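For what it's worth, our numbering labels the leading residue of the sequence shown as 211, then goes sequentially. Quick reminder that beta carbons are idealized off the backbone N, C-alpha and C, glycines included. Note that the coordinates shown come from a computational prediction; the quantities given were computed from them, not determined experimentally. Structure, as structure tokens:
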Amino acid sequence: MKSHKIQDQYIIRSPLFSLNKWYDQFNGNYKENLIKLFSEPIIKEALFLGSFEFYNFLNDIENGSNRYDEKAIKKLTKYLSRLTYRCTPFGLFAGIDIGLFSLEETQLKRSKSVIKKRITKLDNNFLFSYAEKLFTNKEMYQYLIFYTNTSLYPTNRHYRYVEYNYNDSLERKYALCQIEKSEIIDELIEKAYIGLSYTEIIDHFNKYGADKEQAQNALEELLLNRILRIHTEPSVTNPFYLNYLSNFLEKNNLLEDHNQILKRIILYLSKADTTDDSLVMYSKIREETKNFQIKFNEKHLFQVDSVLDYEVNLVNFELKKEISEIVSFLSNIPSDIHNPINDFTESFQKRYENQSVSLSQVLDPNKGLGFPINKYSNGNGDFSPLLSELSFPSKTQDKMIKWDWFSNLMFKKYIDCIKEKDDCIKLSWNDIPFKTNHDNIKQESFSAMIQLIPNENKNCKIYCTGFGGVTAIPLLGRFAYLDDRLNKIIKEITQEEKNRYPDKIFAEVLHIPENRIGNILQHPPFYEYEIPFLSNVSVEQNNVIYIEDLFLKMRGSKLILYSKKLNKEIIPRLSNAHNYKLSSLPIYKFLCDYQHYISDSSSSGFFWPQIFNTSQYLPRVTLKNSILSKATWRISYDEIKDIYKGINKSNLEFVDWREKRKIPEIVTYSEGDNELILNLNEKYNILVFLDEIKKRRFISVAENLYSKELISINKRDEELFTNQIVVLFRKN
211 MKSHKIQDQY IIRSPLFSLN KWYDQFNGNY KENLIKLFSE PIIKEALFLG SFEFYNFLND
271 IENGSNRYDE KAIKKLTKYL SRLTYRCTPF GLFAGIDIGL FSLEETQLKR SKSVIKKRIT
331 KLDNNFLFSY AEKLFTNKEM YQYLIFYTNT SLYPTNRHYR YVEYNYNDSL ERKYALCQIE
391 KSEIIDELIE KAYIGLSYTE IIDHFNKYGA DKEQAQNALE ELLLNRILRI HTEPSVTNPF
451 YLNYLSNFLE KNNLLEDHNQ ILKRIILYLS KADTTDDSLV MYSKIREETK NFQIKFNEKH
511 LFQVDSVLDY EVNLVNFELK KEISEIVSFL SNIPSDIHNP INDFTESFQK RYENQSVSLS
571 QVLDPNKGLG FPINKYSNGN GDFSPLLSEL SFPSKTQDKM IKWDWFSNLM FKKYIDCIKE
631 KDDCIKLSWN DIPFKTNHDN IKQESFSAMI QLIPNENKNC KIYCTGFGGV TAIPLLGRFA
691 YLDDRLNKII KEITQEEKNR YPDKIFAEVL HIPENRIGNI LQHPPFYEYE IPFLSNVSVE
751 QNNVIYIEDL FLKMRGSKLI LYSKKLNKEI IPRLSNAHNY KLSSLPIYKF LCDYQHYISD
811 SSSSGFFWPQ IFNTSQYLPR VTLKNSILSK ATWRISYDEI KDIYKGINKS NLEFVDWREK
871 RKIPEIVTYS EGDNELILNL NEKYNILVFL DEIKKRRFIS VAENLYSKEL ISINKRDEEL
931 FTNQIVVLFR KN
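Printed below as a string of structure tokens:
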């Protein structure tokens, strides 16, 4: 790949414990081994942080008020997998570190201290609820700056904006609302874009004949309906909101009793990260939070990110070539990804031709086109509240099976593989029936996710799950506050974009869809400009780009987003891994889709064509020495329901069935990125497996790529840890 180079640093994600720990539980009595293992302090702490209810359940067992029944052991089996196999960072279950491509041989060796650094924060579930209560106190108003709701935009006779409130489960519920235009409201909203003090707002209403009490009531009503917002609201680009709140109270000499509690909590959080008294500190914090008397889910009080401690964290330089080749090859495979902006652009051009139109006007479901187009009638903006609640398939979701050169290739390869009783399909560049392009990828930077699988001769096989991202930042962003090296890498990427396109403005889209989701979205500021959407900002007001200031126009066949105030093209950026496709907010979803459209970004991995969706067995797929897809077995509940009924008496019938299906002893089962490792020779692991099939009726299990190493694990000099490595590509 000539267009991009691989950065020398990579990010490794790995679980707290090694596969040795998992394997050891099967030596002797599995149940007793598990019970003993889960009495270890660090595991109890991991459960306290990650599953408070189950932690309490285990405590009840230790206190004699409960017992280890079958359900509990199955639960422990899943947590054993979380602690030893799954790499997705969460609490103390798994963390990250930064490694280096090197001329030395590949070596990923963890130190005995396990965790190098950790930062414990209050969960946003609690913190945002506390802030909401704190700032609805009228006595606080004189210390606040008031701004216009960042989603607000004008129509002919109204202002429309997105309002949110909380249901009983503390989940946000959004609604598109409007307020009628008037001289008093027009002037207030215009001034509030740059911020108004409490006194200025009261004076504003006084000017129009209101007395002080009426002015205060009007302000309260505007805040209650979220037409105005306050400067102390949470922001995506402020990962230390607790400290921010404490500093605010101290600076203004407010609520000394509250601030003393906040300061004690900050101290206890620090001690939890640096001493052996973590559980004691958590208990103290829990007691302190009760003083605030706010409603929050007690399961969700703490959020922890950790940096793992590696003695050696090196990958041999030669593997860069192999990784680049995999990504180049995958970029030639047809993709089903369809960007809704393409349909939108077509409708925009038909309706508005060469006009420049306000983004909010175009996306308005009543007056404009709406977004995505297929949610509205013919893209003409005819909005039906009933229809908007229904889910219709997109144009690309056709019942017809897609058939292209890749489907044809894999069909032939599969038939040959089964006929020859082979267990692997080998792909090569010669299989691509056209002149191949090694430089298909257009975005400035992106990331690839790989696993390094060790083998007998100390070499590593690469398993690549795919590549993508409009930049390389989304998988890194949330950890930037943990490690200055990571923050530096991200700043270099953003600076390269800026240098390459000096006439354009890159601006981060800021939105927190749910309080708890804020835990994994927040990060330090990466861009000079920000586009807030129901979020606070961390840049100066001159660098804030409001929704009302964004316009769309056609430039040739390309849809262009620009700022009217700055008279420059805007490239939005989302610097976190939020699955924005699930959002119900058209403007937010549009901005996130638009970043891919304007950057012409691509992403890909190996996915079996549709025709194989019901295949009972799919072999491993490789490119040279690298693995593109694991061998997979599809299983239905109907084929094992009789075994399920008799499993408590004997495993023999299950083992016989497994061997007939040629399913390995050790497999992995995935649901999204939640991956379990299971030993299908052990009773409780089998029960977990059967429960999943009964619950879902159909599941797929895959080969475990570490199985060969597990067989000889006791002969290894070092512990064997699973890994996911985020490889960063940047344009030359």
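Burial state of residue i, where buried means 16 or more other Cβ atoms lie within 10 Å
i	result
Ala385	exposed
Thr606	Residue confidence for Thr606 is low, a pLDDT of 44 falling below 50, so the modelled location carries little weight; the figure read from the coordinates is stated next. Under this definition Thr606 is an exposed residue.
Pro829	buried
Asn334	buried
Asp810	exposed
Leu313	exposed
Asn895	buried
Tyr351	buried
Asn746	buried
Lys768	exposed
Leu434	exposed
Val490	exposed
Asn786	buried
Ile308	buried
Trp613	exposed
Ile837	buried
Limits of the alpha helix (DSSP H) - the one that residue i falls within
i	result
Glu498	488 to 499
Met620	615 to 629
Arg367	Taken as a continuous stretch (DSSP letters only), Arg367 belongs to no alpha helix (DSSP H), as it is neither H nor E.
Glu431	422 to 434
Arg551	It should be pointed out that residue 551 corresponds to Ile in this sequence rather than to Arg. That run of the alpha helix (DSSP H) goes 550 to 562.
Ala402	393 to 402
Delimiting residues of the beta strand (DSSP E) encompassing residue i
i	result
Gly856	Looking at the DSSP string, Gly856 is not in any beta strand (DSSP E); the run it does join, the alpha helix (DSSP H), is 851 to 856.
Trp843	842 to 846
Ala717	714 to 720
Asp944	Outside the displayed span of the chain (211 to 942) sits residue 944, for which this structure offers no information.
Cys634	634 to 637
Gly260	Segment 251 to 260 is the alpha helix (DSSP H) holding Gly260; no beta strand (DSSP E) there.
Asn753	Careful: Asn753 lies outside any beta strand (DSSP E) and carries neither H nor E.
Phe356	355 to 358
Between the CA atoms of residue j and residue i - distance to the nearest angstrom
i	j	result
Lys288	Leu886	7 Å
Asp519	Ile325	5 Å
Gly856	Trp867	13 Å
Asn276	Ala717	54 Å
Asn564	Val898	60 Å
Gly405	Lys701	29 Å
Gln217	Ile699	9 Å
Glu991	Glu460	Summary: the structure shown does not reach residue 991, with the chain confined to residues 211 through 942, and so no result is reported for it.
Asn729	Asp632	46 Å
Ser594	Leu429	Its pLDDT being 35, under 50, Ser594 is placed unreliably by the model, and nothing is read from it.
Tyr451	Phe338	9 Å
Arg370	Leu569	13 Å
Pro603	Gln317	At Pro603 the pLDDT is 40, less than 50, meaning the model places this residue with poor confidence; the figure from the coordinates comes in the next sentence. Pro603 and Gln317: Cα-Cα distance of roughly 47 Å.
Ile504	Lys348	17 Å
Leu801	Arg783	8 Å
Ile551	Phe581	9 Å
Ser557	Asn725	35 Å
Ile628	Leu286	38 Å
Lys577	Leu472	47 Å
Thr195	Asp713	Lying before the first or after the last residue shown, residue 195 is absent from the chain, which here runs from 211 to 942.
Beta bridge counterpart(s) of residue i as assigned by DSSP
i	result
Met659	Gly676, Val936
Gln317	Leu524
Arg474	BP columns for Arg474 are empty, so no partner.
Asp693	Asp693 pairs with nothing; no bridge assigned.
Pro782	Ala717
Ala385	Glu373
Val1023	Nothing can be reported for residue 1023, as the shown portion of the chain is limited to 211 through 942.
Arg906	Its beta-bridge partners do not exist; DSSP assigns none.
Cβ-heavy atom distance, residue i to the ligand FAD, below 7 Å
i	result
Pro712	In the structure shown, the ligand FAD is absent, as is every other ligand, since no ligand is present at all.
Determine, using beta-carbon pairs with one atom in the stretch 328 to 345 and one in the stretch 260 to 273, whether at least three such pairs fall under 8 Å. At 8 Å Cβ cutoff, the stretches do not touch.
Report yes or no: do the stretch 355 to 362 and the stretch 437 to 445 share at least 3 C-beta pairs separated by less than 8 Å? Because the criterion of three Cβ pairs below 8 Å is met, the stretch 355 to 362 and the stretch 437 to 445 touch.
Examine the Cβ distances between the stretch 632 to 649 and the stretch 492 to 503 and report whether three or more of them are shorter than 8 Å. No, the stretch 632 to 649 is not in contact with the stretch 492 to 503.
Taking 8 Å as the cut-off, does the stretch 742 to 762 touch the stretch 816 to 824 (at least 3 CB pairs, one atom from each stretch)? In short, these stretches do not touch, since the Cβ pair count stays below three.
Count the C-beta pairs between the stretch 653 to 667 and the stretch 794 to 812 that are closer than 8 Å, then say yes if the count reaches three, no if not. Touching, per the Cβ criterion.
Between the stretch 225 to 232 and the stretch 288 to 301, do at least 3 Cβ pairs fall closer than 8 Å? Flag = yes, the stretch 225 to 232 and the stretch 288 to 301 touch.
Inter-stretch contact at 8 Å, needing at least 3 Cβ pairs: the stretch 766 to 786 / the stretch 611 to 625: Under the three-pair Cβ rule at 8 Å, the stretch 766 to 786 does not count as touching the stretch 611 to 625.
Kindly confirm or deny that the stretch 476 to 496 and the stretch 783 to 798 touch, where touching means at least three C-beta pairs closer than 8 Å. Taking a cut-off of 8 Å on C-beta distances, the stretch 476 to 496 does not touch the stretch 783 to 798, as fewer than three cross pairs fall below it.
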